[in-house]
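The structure appears below as structure tokens.
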């Protein structure tokens, strides 16, 4: 169905209700609620509970935290209740008891969760690491790096705020309350754009949440940013880092290919059975941001396929392995992202560790496509911390035992495509799209056709596929044959069907295509709202930004630090393979002068250890800052392997940002800036424009100042498609 006019232009058309969560009554996860109550519960009480949420949300509206999208009407809720009424999940007795406990809490509805709470501390040599392992122009998979740091205790999840009843204030105007959703076409006021909404910092509502054995709070929602456990900053200061949203109905999404989907075709109309299917993968061999990029792609694919994602063992990662005996330097993705909570908060996604996967194999719970039990390699189930050089037996076993290595899923040659449903009709229609494009006037268009002229986000599938084709004329379909495989695997470094080596050096949104535009936008929201750095990293960055603003206020004589501004740049040097970007500081300064005021404070995120390199820049600007300047005061207890990630977050908050073309470190900063720009309604947000530039490659100086479609060398930059108007489908059916 077409979008309402207001949704075609901006997320400003989406009414958002500010919210906070009571300290002692956190909402249970959607997955646990569905499992605990079964089909009868959902069918009888689902709408009643949602109505209760809405009423409770209005009651606590004056104590708002972050904003949540409010659905218009109840049609979508009725449809969702119908889809989920027969949902079944088998659990252990322990899990069942946990659900019963949550059911008791759920009996008295509370308003949806909040978003802000505190910050964390860090330590080190003060240089933000940057890891970019990027492919070369001819698509050779060479590796480059962006230094990103680690936490002092990566296994410890964020705790709750020290004062969960402290009322949040608005960042831009503490005295102005956010507007209500009585007028769905009017957003809350925004400093940068009066027509857009401002967010209030959120008091964390999870102060009494219990912690699990692995240190994770059972009730800590990803939407909540809890800095109290990490030494600050205040809720108001921490709120600056928040770009994500809490959209309750998004948690109810389930892939049409999920084995337990209520509407999936069943032989003889049988009820869906609990049959786990798995997706395993090998981490990218490059730097952190290449590793993160590939992980996001696999995570999105697992969700789209309805498969359980198996995380790799804890292991050393390139350039984030500093510390030895002094700090943790073997990681899995749950040390950087809330992987456990991502799984818990979504009905349609399960995430487990390699150890759990192998334990289940050992117990005979997982069998191959031939029905035979799978035996772990050498009988071993715990591979955490094993040096990469000694993990060859595990990699070989996964490649040999999986139902299929997805070697034909090559992001440079094809687009992974998902039908809107599991019906033969949708599958056939999707499969024919490339032929229809090829046979149409002009065939597959050049990407330049869409520069400054994006399709509407709800455009027909054929038009959306044209825009993202990027010289790829084939689809890699999730075929019925693949759907039947119990276990699929993504290897790294194996020969592909096209003769090159397998590697997912691509952004998830540049590789996955959804026939249904609403599923496409949902996936982009999922990554924005849930795949964000853990609180310790977010809060450490918030402390640095706070101190930086205080430093600017002291230098300029301003009384309100929140009205201060600073600009940022990421200078990529180190082992970067792209020589065109290795220019002198004097040449960098020439580009900076084109945009920046000399009296600004310039924050430099860099992997360059010799700060003398920046002398021309330091001499020109009134104030120049590095992460080093804040290590002693703000980052003492933080694992130094997190420093690059902290550098990214700080750089993302600059008024103007300069980055390095080809750097995935820069790319992620620009995506974060895109999320913020969309959230705050900054000028040009409808086109995905951000206030960013590139200091090298003169012909690409202002590419971020105009809409550019997805194009080859995907890793070289991030594209507006990942953040532009991605809330437009919220509330549609």
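Numbering (UniProt numbering), first residue to last: 1 to 733.
Quick reminder that beta carbons are idealized off the backbone N, C-alpha and C, glycines included.
Same chain, Cβ closer than 6 Å to residue i, neighbours up to 5 away in sequence not counted
i: residue 366; result: 360, 374
i: residue 508; result: 296, 297, 300
i: residue 655; result: 565, 567
i: residue 738; result: Residue numbering for the chain in the displayed model covers 1 to 733; residue 738 lies beyond these limits and cannot be assessed.
i: residue 707; result: 452, 454, 687, 688, 720
i: residue 649; result: 541
i: residue 382; result: 355
i: residue 666; result: 570, 659, 660
Rounded C-alpha distance that separates residue i from residue j
i: residue 311; j: residue 326; result: 25 Å
i: residue 592; j: residue 386; result: 45 Å
i: residue 472; j: residue 415; result: 7 Å
i: residue 395; j: residue 235; result: 44 Å
i: residue 391; j: residue 512; result: 30 Å
i: residue 653; j: residue 605; result: 12 Å
i: residue 728; j: residue 555; result: 42 Å
i: residue 319; j: residue 256; result: 39 Å
i: residue 636; j: residue 232; result: 13 Å
i: residue 202; j: residue 699; result: Below a pLDDT of 50, predicted positions are generally treated as unreliable, and residue 202, at 44, falls in that range; the measurement from the model is reported next regardless. Answer to the nearest angstrom: the Cα atoms are 42 Å apart.
i: residue 284; j: residue 458; result: 33 Å
i: residue 376; j: residue 330; result: 22 Å
i: residue 640; j: residue 498; result: 40 Å
i: residue 323; j: residue 384; result: 17 Å
i: residue 614; j: residue 582; result: 13 Å
i: residue 685; j: residue 722; result: 12 Å
i: residue 819; j: residue 584; result: Residue 819 is absent from the model: the chain starts at 1 and stops at 733.
i: residue 444; j: residue 345; result: 40 Å
i: residue 333; j: residue 506; result: 18 Å
i: residue 732; j: residue 725; result: 14 Å
i: residue 701; j: residue 261; result: 47 Å
i: residue 574; j: residue 627; result: 17 Å
i: residue 683; j: residue 245; result: 20 Å
Limits of the alpha helix (DSSP H) - the one that residue i falls within
i: residue 603; result: Looking at the DSSP string, residue 603 is not in any alpha helix (DSSP H); the run it does join, the beta strand (DSSP E), is 601-606.
i: residue 294; result: 288-305
i: residue 530; result: 517-530
i: residue 633; result: 628-634
i: residue 784; result: No answer is possible for residue 784: the residues shown for the chain start at 1 and end at 733.
i: residue 548; result: 535-556
i: residue 238; result: 235-238
Proximal residues to residue i (C-beta, below 7 Å), its chain only, five neighbours per side dropped
i: residue 402; result: 280, 487, 488, 489
i: residue 462; result: 433, 436, 437
i: residue 521; result: 457, 726, 728, 729
Element boundaries [beta strand (DSSP E), containing residue i]
i: residue 659; result: 657-659
i: residue 310; result: 308-311
i: residue 567; result: 567-571
i: residue 279; result: 278-281
i: residue 643; result: Premise fails: residue 643 lies in the alpha helix (DSSP H), 643-651, not in any beta strand (DSSP E).
i: residue 462; result: Per DSSP, residue 462 belongs to no beta strand (DSSP E); it is in the alpha helix (DSSP H), 461-468.
i: residue 257; result: Looking at the DSSP string, residue 257 is not in any beta strand (DSSP E), and its letter there is neither H nor E.
i: residue 514; result: 512-514
DSSP state of residue i mapped onto helix, strand, coil
i: residue 666; result: helix
i: residue 615; result: helix
i: residue 491; result: coil
i: residue 478; result: coil
i: residue 225; result: strand
i: residue 415; result: strand
i: residue 504; result: coil
i: residue 701; result: coil
i: residue 393; result: helix
i: residue 591; result: helix
i: residue 79; result: Low local confidence applies: a pLDDT of 38 at residue 79 is under 50, so the model's placement there is unreliable, and no value is given.
i: residue 683; result: coil
i: residue 625; result: strand
i: residue 563; result: helix
i: residue 387; result: coil
i: residue 692; result: strand
i: residue 263; result: coil
i: residue 124; result: At residue 124, the pLDDT of 33 sits below 50, so the modelled position is not reliable and the matter cannot be decided from this model.
i: residue 315; result: strand
i: residue 405; result: strand
i: residue 373; result: strand
Beta-carbon proximity list for residue i, same chain, < 8 Å, skipping 5 on both sides
i: residue 589; result: 616, 617, 620
i: residue 368; result: 374, 401, 403, 486, 487
Can you give, in chain order, each stretch of the alpha helix (DSSP H) that sits fully within the segment 326-359 and has at least 4 residues? 339-344
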